[in-house]
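Have a look at the structure below, then the notes.
In the UniProt record's numbering, the protein residues as written are 1 to 118.
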């Protein structure tokens, strides 16, 4: 497996651990600790986004989302919503969906890269 593939596997494994921490916190409505774990999840998602698009993380210029080729639909609005209310369950659901969609975008980027080499 290449370095990008290994990095993505590590990101997804870490996301799974974060999800296991978040589930009981949302049930207990522990907003303080929920926010801390959500911020970790948001940071992890951004790493995944930049990795998929062959960019370095942390970025020099923030909010370059419009320049990315491989990203979910309405990314900027969704990230803004999550960042503005990280302690809400709806933000967690949105972040979970972004991770799933970004995984698909990563696969798409690999397919395009492989097909361009043929």
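C-beta atoms are modelled at their ideal positions from N, C-alpha and C, and glycine is treated no differently.
Where residue i sits in the DSSP three-state scheme
| i | result |
| --- | --- |
| residue 117 | helix |
| residue 3 | helix |
Identity of the residue in the options nearest residue i by Cα
| i | options | result |
| --- | --- | --- |
| residue 97 | 34, 87 and 42 | 42 |
| residue 7 | 50, 32 and 40 | 50 |
| residue 25 | 87, 16 and 57 | 87 |
| residue 108 | 70, 74, 38 and 31 | 70 |
Nearest-angstrom Cα separation, counted from residue j out to residue i
| i | j | result |
| --- | --- | --- |
| residue 1 | residue 35 | Because residue 1 sits at a pLDDT of 48, beneath the cut-off of 50, its placement in the model cannot be relied upon, and the point is left open. |
| residue 10 | residue 102 | 14 Å |
| residue 22 | residue 47 | 19 Å |
Whole-number beta carbon distance between residue j and residue i, since they are thought to touch under 8 Å
| i | j | result |
| --- | --- | --- |
| residue 55 | residue 65 | With 8 Å as the limit, residue 55 and residue 65 do not qualify as a contact, their Cβ atoms being about 11 Å apart. |
| residue 105 | residue 58 | 20 Å between Cβ atoms; not a contact. |
Any chance you could list the beta strand (DSSP E) runs of at least 3 consecutive residues sitting entirely within the UniProt domain "YpoC-like" (6-114), in chain order?
none
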